[in-house]
Amino acid sequence: MFRKFLLANFPYINNDMKISAYVNFDRTKEDIWIRVGKVKKSISIKMGKCNTVHNEYIYNFTKFLEQEKVPLKIIDIILDYFFADGTRNGTGKRTLTFPDYKLKLKRKIRKVNKYFMKHEDLLIKLINRFVIGSTDILIHGTVDNFTYITKDEIIKLLLSLKKEPSSTIHFSRLIFASKGRNNDIDKFIVQIKWYNLADDIERIRKNLPV
39 MFRKFLLANF PYINNDMKIS AYVNFDRTKE DIWIRVGKVK KSISIKMGKC
89 NTVHNEYIYN FTKFLEQEKV PLKIIDIILD YFFADGTRNG TGKRTLTFPD
139 YKLKLKRKIR KVNKYFMKHE DLLIKLINRF VIGSTDILIH GTVDNFTYIT
189 KDEIIKLLLS LKKEPSSTIH FSRLIFASKG RNNDIDKFIV QIKWYNLADD
239 IERIRKNLPV
(Lines of atoms letter the chains of each structure in order from A; the text may use other names.)
(Lines give C-alpha, C1' and ligand atoms only; values in the text may rest on other atoms or scores of the structure.)
Protein backbone atom coordinates (compact mmCIF):
# COMPACT_ATOMS: atom_id res chain seq x y z
CA MET A 39 0.00 0.00 0.00
CA PHE A 40 2.73 2.48 0.97
CA ARG A 41 4.70 1.58 -2.15
CA LYS A 42 1.70 2.44 -4.34
CA PHE A 43 1.27 5.69 -2.42
CA LEU A 44 4.91 6.64 -3.07
CA LEU A 45 4.73 5.73 -6.75
CA ALA A 46 1.58 7.82 -7.21
CA ASN A 47 2.84 10.90 -5.40
CA PHE A 48 6.55 10.77 -6.23
CA PRO A 49 6.41 9.64 -9.89
CA TYR A 50 10.16 10.00 -10.48
CA ILE A 51 11.12 7.70 -7.61
CA ASN A 52 13.69 4.97 -8.24
CA ASN A 53 15.49 2.35 -6.16
CA ASP A 54 18.55 4.57 -5.68
CA MET A 55 16.65 7.43 -4.04
CA LYS A 56 16.75 7.96 -0.29
CA ILE A 57 13.34 8.06 1.42
CA SER A 58 13.04 9.92 4.73
CA ALA A 59 10.28 11.30 6.96
CA TYR A 60 10.21 14.09 9.54
CA VAL A 61 7.71 14.88 12.27
CA ASN A 62 6.33 18.43 12.43
CA PHE A 63 6.17 19.61 16.05
CA ASP A 64 4.59 22.97 15.19
CA ARG A 65 0.81 23.44 15.36
CA THR A 66 0.20 23.65 11.65
CA LYS A 67 -1.88 21.51 9.29
CA GLU A 68 0.87 19.11 8.30
CA ASP A 69 1.96 16.37 10.73
CA ILE A 70 4.94 14.97 8.85
CA TRP A 71 7.05 15.57 5.77
CA ILE A 72 8.13 12.82 3.41
CA ARG A 73 11.20 13.40 1.27
CA VAL A 74 12.07 11.26 -1.73
CA GLY A 75 15.29 12.37 -3.34
CA LYS A 76 15.01 16.14 -3.61
CA VAL A 77 11.21 16.23 -3.51
CA LYS A 78 9.52 16.92 -0.15
CA LYS A 79 5.77 16.80 0.49
CA SER A 80 3.83 17.76 3.60
CA ILE A 81 1.32 15.27 5.00
CA SER A 82 -1.66 15.75 7.33
CA ILE A 83 -2.77 12.56 9.13
CA LYS A 84 -6.32 11.94 10.40
CA MET A 85 -8.09 9.00 12.05
CA GLY A 86 -11.62 8.15 13.16
CA LYS A 87 -15.07 9.18 11.90
CA CYS A 88 -15.35 12.70 13.36
CA ASN A 89 -12.29 14.71 12.50
CA THR A 90 -11.74 18.24 13.75
CA VAL A 91 -9.69 19.76 10.96
CA HIS A 92 -9.44 23.33 12.26
CA ASN A 93 -9.63 25.43 15.45
CA GLU A 94 -9.76 29.21 15.45
CA TYR A 95 -10.73 32.16 17.65
CA ILE A 96 -14.19 33.23 16.51
CA TYR A 97 -13.32 36.90 16.02
CA ASN A 98 -10.27 36.03 13.92
CA PHE A 99 -12.66 34.12 11.69
CA THR A 100 -15.21 36.93 11.46
CA LYS A 101 -12.39 39.39 10.73
CA PHE A 102 -11.36 37.18 7.82
CA LEU A 103 -14.96 37.18 6.56
CA GLU A 104 -15.08 40.98 6.80
CA GLN A 105 -11.87 41.22 4.77
CA GLU A 106 -13.51 39.00 2.16
CA LYS A 107 -16.44 41.44 1.96
CA VAL A 108 -18.98 39.01 3.41
CA PRO A 109 -22.12 41.03 4.28
CA LEU A 110 -22.41 41.98 7.94
CA LYS A 111 -25.89 40.43 8.09
CA ILE A 112 -24.34 37.04 7.21
CA ILE A 113 -21.61 37.48 9.82
CA ASP A 114 -24.25 38.49 12.35
CA ILE A 115 -26.18 35.25 11.78
CA ILE A 116 -22.96 33.25 12.13
CA LEU A 117 -22.25 34.86 15.51
CA ASP A 118 -25.83 34.33 16.68
CA TYR A 119 -25.62 30.66 15.70
CA PHE A 120 -22.18 30.26 17.25
CA PHE A 121 -22.99 31.62 20.73
CA ALA A 122 -26.63 30.45 20.72
CA ASP A 123 -27.56 32.80 23.57
CA GLY A 124 -29.14 35.73 21.73
CA THR A 125 -25.90 37.76 21.75
CA ARG A 126 -22.93 38.21 19.45
CA ASN A 127 -20.34 37.99 22.25
CA GLY A 128 -21.38 35.08 24.46
CA THR A 129 -22.64 37.17 27.38
CA GLY A 130 -26.27 36.06 27.22
CA LYS A 131 -28.11 33.42 29.18
CA ARG A 132 -29.05 30.36 27.17
CA THR A 133 -32.72 29.46 27.53
CA LEU A 134 -32.85 26.88 24.73
CA THR A 135 -30.85 23.76 23.99
CA PHE A 136 -28.62 24.15 20.95
CA PRO A 137 -30.82 21.86 18.78
CA ASP A 138 -33.83 24.01 19.65
CA TYR A 139 -31.88 27.24 19.06
CA LYS A 140 -30.71 25.89 15.72
CA LEU A 141 -34.31 25.10 14.79
CA LYS A 142 -35.24 28.68 15.68
CA LEU A 143 -32.60 29.93 13.23
CA LYS A 144 -33.52 27.48 10.48
CA ARG A 145 -34.27 30.07 7.80
CA LYS A 146 -31.23 32.18 8.67
CA ILE A 147 -28.97 29.11 8.56
CA ARG A 148 -30.29 28.32 5.10
CA LYS A 149 -29.52 31.88 4.03
CA VAL A 150 -25.91 31.63 5.23
CA ASN A 151 -25.39 28.28 3.52
CA LYS A 152 -26.80 29.57 0.23
CA TYR A 153 -24.40 32.51 0.39
CA PHE A 154 -21.31 30.32 0.66
CA MET A 155 -22.59 27.88 -1.98
CA LYS A 156 -22.98 30.79 -4.37
CA HIS A 157 -19.52 32.28 -3.77
CA GLU A 158 -17.23 29.48 -4.91
CA ASP A 159 -14.02 31.56 -4.81
CA LEU A 160 -14.64 32.28 -1.14
CA LEU A 161 -15.47 28.63 -0.48
CA ILE A 162 -12.10 27.63 -1.94
CA LYS A 163 -10.37 30.13 0.35
CA LEU A 164 -12.20 28.61 3.33
CA ILE A 165 -11.21 25.09 2.29
CA ASN A 166 -7.59 26.22 2.12
CA ARG A 167 -7.87 27.94 5.50
CA PHE A 168 -9.60 25.05 7.27
CA VAL A 169 -8.10 21.94 5.71
CA ILE A 170 -5.17 22.48 3.42
CA GLY A 171 -2.88 25.25 4.65
CA SER A 172 0.51 24.19 3.31
CA THR A 173 -0.44 20.50 3.22
CA ASP A 174 0.18 18.58 0.00
CA ILE A 175 -1.59 15.33 0.96
CA LEU A 176 -4.14 14.34 3.60
CA ILE A 177 -3.96 10.73 4.82
CA HIS A 178 -6.75 9.04 6.77
CA GLY A 179 -6.09 5.79 8.62
CA THR A 180 -3.12 3.83 9.95
CA VAL A 181 0.21 2.68 8.53
CA ASP A 182 -1.28 -0.62 7.38
CA ASN A 183 -4.67 0.63 6.27
CA PHE A 184 -5.09 4.13 4.92
CA THR A 185 -6.56 6.20 2.16
CA TYR A 186 -5.41 9.61 0.99
CA ILE A 187 -6.32 12.68 -0.99
CA THR A 188 -4.17 15.45 -2.47
CA LYS A 189 -4.81 19.14 -1.92
CA ASP A 190 -6.20 19.60 -5.44
CA GLU A 191 -8.49 16.60 -4.95
CA ILE A 192 -9.73 18.03 -1.63
CA ILE A 193 -10.90 21.18 -3.39
CA LYS A 194 -12.45 19.18 -6.24
CA LEU A 195 -14.26 16.88 -3.80
CA LEU A 196 -15.61 19.59 -1.51
CA LEU A 197 -16.79 21.75 -4.40
CA SER A 198 -18.65 18.77 -5.83
CA LEU A 199 -20.42 18.28 -2.48
CA LYS A 200 -21.12 21.92 -1.69
CA LYS A 201 -24.88 21.65 -2.29
CA GLU A 202 -25.51 18.70 0.01
CA PRO A 203 -28.22 19.68 2.53
CA SER A 204 -27.45 20.22 6.21
CA SER A 205 -29.28 21.69 9.19
CA THR A 206 -26.02 23.30 10.35
CA ILE A 207 -23.92 26.17 9.05
CA HIS A 208 -21.46 24.39 6.81
CA PHE A 209 -18.99 24.90 4.00
CA SER A 210 -19.60 21.87 1.81
CA ARG A 211 -18.81 18.90 4.13
CA LEU A 212 -17.03 21.13 6.65
CA ILE A 213 -19.28 21.69 9.66
CA PHE A 214 -19.02 24.96 11.62
CA ALA A 215 -19.27 24.40 15.39
CA SER A 216 -18.35 25.74 18.82
CA LYS A 217 -15.65 23.87 20.72
CA GLY A 218 -17.75 24.10 23.89
CA ARG A 219 -20.47 26.56 24.85
CA ASN A 220 -20.29 25.70 28.57
CA ASN A 221 -16.63 26.64 28.93
CA ASP A 222 -15.57 30.28 29.22
CA ILE A 223 -12.53 29.69 27.00
CA ASP A 224 -13.81 27.08 24.56
CA LYS A 225 -16.97 29.04 23.78
CA PHE A 226 -14.85 31.49 21.78
CA ILE A 227 -13.17 28.75 19.72
CA VAL A 228 -14.53 27.71 16.33
CA GLN A 229 -14.14 24.07 15.41
CA ILE A 230 -14.45 22.89 11.84
CA LYS A 231 -15.42 19.22 11.67
CA TRP A 232 -15.32 16.85 8.73
CA TYR A 233 -17.56 13.87 9.48
CA ASN A 234 -17.04 10.56 7.63
CA LEU A 235 -13.82 11.86 6.13
CA ALA A 236 -12.61 8.43 5.00
CA ASP A 237 -15.90 7.73 3.19
CA ASP A 238 -15.70 11.06 1.39
CA ILE A 239 -12.11 10.41 0.32
CA GLU A 240 -13.16 7.04 -1.08
CA ARG A 241 -15.73 8.82 -3.27
CA ILE A 242 -12.91 10.36 -5.25
CA ARG A 243 -10.32 7.57 -4.85
CA LYS A 244 -12.59 5.08 -6.65
CA ASN A 245 -12.20 7.11 -9.83
CA LEU A 246 -8.42 7.40 -9.59
CA PRO A 247 -5.70 4.86 -10.47
CA VAL A 248 -4.37 4.43 -6.89
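The number in this note's numbering is simply the position in the sequence shown, starting from 1, with 38 added.
C-beta atoms are modelled at their ideal positions from N, C-alpha and C, and glycine is treated no differently.
- Query: Exposed or buried, what is residue 223 when buried is set at 16 or more other beta-carbons lying within 10 Å of its beta-carbon?
  - Reply: exposed
- Message: Can you find the residues in the same chain that come closer than 8 Å, C-beta to C-beta, to residue 24, ignoring five residues on each side of it along the sequence?
- Response: Because the chain here runs from 39 to 248, residue 24 falls outside it and cannot be looked at.
- Query: How long is the line joining the alpha carbons of residue 234 and residue 88, rounded to whole angstroms?
  - Reply: 6 Å
- DSSP three-state call for residue 100: helix, strand or coil? helix
- Task: Could you tell me the distance, in whole angstroms, from the CA atom of residue 209 to the CA atom of residue 229?
- Result: 12 Å
- Simplified DSSP assignment, three categories, for residue 94: strand
- Residue closest to residue 167, alpha-carbon to alpha-carbon, out of 42, 192, 181, 244: 192
- Task: Give the range of the beta strand (DSSP E) segment to which residue 145 is assigned.
- Result: First-last for residue 145: 144-156, but that is the alpha helix (DSSP H), not the beta strand (DSSP E).
- In chain order, what residues of the same chain have a beta carbon less than 8 Å from the beta carbon of residue 240, not counting five sequence neighbours either side? 185
- Item | Whether residue 174 touches residue 79 by CB criterion (8 Å) | yes
- Message: For residue 161 and residue 148, what's the separation of their Cα atoms in angstroms?
- Response: 16 Å
- With burial defined as no fewer than 16 other Cβ atoms inside 10 Å of the residue's Cβ, what is the status of residue 205: buried or exposed? exposed
- Label residue 216 either buried or exposed according to how many other C-beta atoms from any shown protein chain fall within 10 Å of its C-beta, with 16 as the threshold for buried. buried
- In chain order, what residues of the same chain have a beta carbon less than 6 Å from the beta carbon of residue 106, not counting five sequence neighbours either side? 160
- Message: Measuring only the C-alpha atoms, how far is residue 187 from residue 157?
- Response: 24 Å
- Task: Could you check what DSSP says for residue 119 in three-state terms: helix, strand or coil?
- Result: helix
- Task: Look at the Cβ atom of residue 95, then the Cβ atom of residue 213, and state whether they are nearer than 8 Å.
- Result: no
- Task: Would you list the one or two residues that DSSP bridges to residue 78?
- Result: 73
- Message: Using 8 Å as the threshold, is the C-beta distance between residue 55 and residue 75 below it?
- Response: yes
- CB of residue 138 within 8 Å of CB of residue 126, strictly: no
- State the Cα-Cα distance for the pair residue 172 and residue 103, rounded to the nearest angstrom. 20 Å
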